[in-house]
Structure formats: structure tokens, C-alpha cells
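This report refers to the structure that appears directly beneath it.
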Amino acid sequence: MSRTIARVEICYLQDIIEVRKLARLIAETLGFEKAEQTRISTAVSEIARNVLQYGQGGEAEFLINGQVPEQWLAIILRDRGQGIANLNDILEGSYSSQTGMGLGIVGSRRLLPEYFHIETQAHQGTVVTLGRRLPLSVLITQIDLKKITETLATFRAQSPLEEIRTENHELLATLKLLHQREQELSYANQELLETNVGIIQLYSDLELKTQRLEQIEQVLRARNKVAPIVQTNNALI
Ligand SMILES: Nc1ncnc2c1ncn2[C@@H]1O[C@H](COP(=O)(O)OP(=O)(O)O)[C@@H](O)[C@H]1O
Ligand SMILES: [Mg+2]
Numbered sequence: 007m008s009r010t011i012a013r014v015e016i017c018y019l020q021d022i023i024e025v026r027k028l029a030r031l032i033a034e035t036l037g038f039e040k041a042e043q044t045r046i047s048t049a050v051s052e053i054a055r056n057v058l059q060y061g062q063g064g065e066a067e068f069l070i071n072g073q074v075p076e077q078w079l080a081i082i083l084r085d086r087g088q089g090i091a092n093l094n095d096i097l098e099g100s101y102s103s104q105t106g107m108g109l110g111i112v113g114s115r116r117l118l119p120e121y122f123h124i125e126t127q128a129h130q131g132t133v134v135t136l137g138r139r140l141p142l143s144v145l146i147t148q149i150d151l152k153k154i155t156e157t158l159a160t161f162r163a164q165s166p167l168e169e170i171r172t173e174n175h176e177l178l179a180t181l182k183l184l185h186q187r188e189q190e191l192s193y194a195n196q197e198l199l200e201t202n203v204g205i206i207q208l209y210s211d212l213e214l215k216t217q218r219l220e221q222i223e224q225v226l227r228a229r230n231k232v233a234p235i236v237q238t239n240n241a242l243i
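Be aware that the sequence shown starts at 7, since it is given in the numbering used here, and climbs by one per residue.
So this is what it looks like as C-alpha cells:
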């Protein structure tokens, strides 16, 4: 089974926001958790941005593929641009972008590693397919598909402000996570520092003890040199 549940044209900047919003709504409707919804919508919007920026526009198609229990959400992004010239370098991570951060494609693949496929041809265009297996608890029947398609038809009615608010919320959550990681790192650093100090202290104690032992040894040796006379004396007594 392969059924298209939504399709969006990508012609203007606003369309990327629409695609992102739609991707999240679809992911939510299909039962993905919040974090997964964000992964899906972020990956899709990065590729949609490329469609607009480099492919002079195109479209995003959302489909449900496969049969229960092997059902997938597939997102296909197409354009009729110049094609991606340095695809191998980009995928290997050795590409340096002049137009952005150069992380859109590899970042999207990292976000959706289960299925990520690119077909590109010079002067013909590019087709990127992203896929995510549906949660095991979710079984999509034909009736569900109809409901989902109807729900999606109303998504454009939502206010764009709501979208910005949600995105800000996501950004804040990410920043919080980053801050938390930073604190963990600084704590680990502190621990490492303290461990180092402890080791240095141990070494210096050891050094001191070795020195003392050497001194005692010297004293003993010196005494030993005198001792035979004493012993001889003792023997005489
Ligand atoms: N649809 C596309 N058509 C043509 N070239 C593309 C397309 N998508 C990406 N590219 C090329 O691949 C490069 C890497 O894209 P990406 O990983 O999104 O990073 P960025 O957009 O930040 O440069 C871009 O700089 C661009 O040259
Ligand atoms: Mg990009």
C-alpha cells in the first residue's frame, strides 16, 4: 500500500514553514512522540529549504507506505533544479558550504537515519526521500487514512503565530538541554581536575616518602660503617 496523505508546493519562504507545520501535524497524528515529531519536522524543513534555495522550488509529498505492521511515513521532496554537484563530499562530511552551514543534508540524515535516500541528476533535479517506521502501537487502516487526510486539510487554518510560538518553545527546550549538558560537562571537568589534584598529591607524598627512605638508608649505611667497630668492642667485652 502506498497512499499520499498530503502534498504541498514549495515556492516561497512561507511554504517551508507550512511544510514544517504539516510534517509535525502528520507525525503527531500518526502517534509519534513529541521529540520524534520535532526530528521529523526539522529534517523535512531543512530539505524543503534546499528545494527552495537551490532547486528553484518544487514540492513535498507525504505518504503512508507498506502494510501493517511494517508501515512507514515517507516524505518525498522534489525539485527540478541543477542537481547536487558534490553529493559524495556532502554525505562524507568533507563539503564546505558557501551558502549556509553545510549541515542540512547530513543533519537531516542524522535525524532520520532509518531511511534517507537522494537521487540527483545534473540539470534534471533532485528527489530526497525521508522515511520513518510508524510506532508499533499504531495501525493505520483505510478509515484512519481518510480521517488523517481530512484533519490535514484543515491545517492551513491554524495561525502562523501559533507556529512561531511552538518553534520558540522548541528552541527554548533545546537551549535548556544545551545548558544542562554544559553543566554536566563542567561538573565532569571539575571531577577530573579534583582527581588530577589527588593523583598529584599522591605522587608528591610518594616522592617525599622515597626521599625520606633514601635519607634513612643513608643514615643506616653510615651507621653500618661504624657498627663493626662497636661490634668488635662488644665482642671484646
Ligand atoms: N536541491 C538541491 N539542488 C541543488 N543543490 C543542492 C540541493 N540541496 C543541496 N544542494 C547543494 O548541497 C549543498 C549542501 O546542502 P546542505 O547540506 O543543506 O547545506 P547548506 O544548504 O547549508 O549549504 C548546498 O550548499 C548546495 O550546494
Ligand atoms: Mg541547506
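In this text, a Cβ means the ideal position worked out from N, Cα and C, and glycines have one as well.
Reduced DSSP category for residue i - H, G, I as helix; E, B as strand; rest coil
{"i": "Leu69", "result": "strand"}
{"i": "Leu136", "result": "strand"}
{"i": "Ser114", "result": "helix"}
{"i": "Ser8", "result": "strand"}
{"i": "Gly64", "result": "strand"}
{"i": "Glu42", "result": "helix"}
Residue i CB to nearest heavy atom of ligand 2 below 8 Å
{"i": "Gly110", "result": "yes"}
{"i": "Gln62", "result": "no"}
{"i": "Gln59", "result": "yes"}
{"i": "Gly87", "result": "no"}
Inter-residue spacing [alpha-carbon to alpha-carbon] between residue i and residue j
{"i": "Ile149", "j": "Ser51", "result": "28 Å"}
{"i": "Gln196", "j": "Ser210", "result": "21 Å"}
{"i": "Leu83", "j": "Phe68", "result": "9 Å"}
{"i": "Tyr193", "j": "Ser103", "result": "35 Å"}
{"i": "Thr48", "j": "Ile206", "result": "48 Å"}
{"i": "Pro75", "j": "Val144", "result": "8 Å"}
Residue i Cβ short of 8 Å to ligand 1 heavy atom set
{"i": "Met7", "result": "no"}
{"i": "Arg116", "result": "no"}
{"i": "Ile90", "result": "yes"}
Close Cβ partners of residue i (< 6 Å) along its chain, the five nearest in sequence each way excluded
{"i": "Ala33", "result": "Gln43, Ile46"}
Sheet register partners of residue i (DSSP bridge)
{"i": "Glu125", "result": "Val133"}
{"i": "Ala80", "result": "Leu69, Gly137"}
Close-in-space but distant-in-sequence residues of the same chain around residue i (CB under 8 Å, 5 per side omitted)
{"i": "Asp21", "result": "Val14, Glu15, Ala54, Leu58"}
Cut-off 7 Å between Cβ atoms - residues of its own chain near residue i, not counting five sequence neighbours on either side
{"i": "Tyr101", "result": "Asn92, Asp95, Gly108"}
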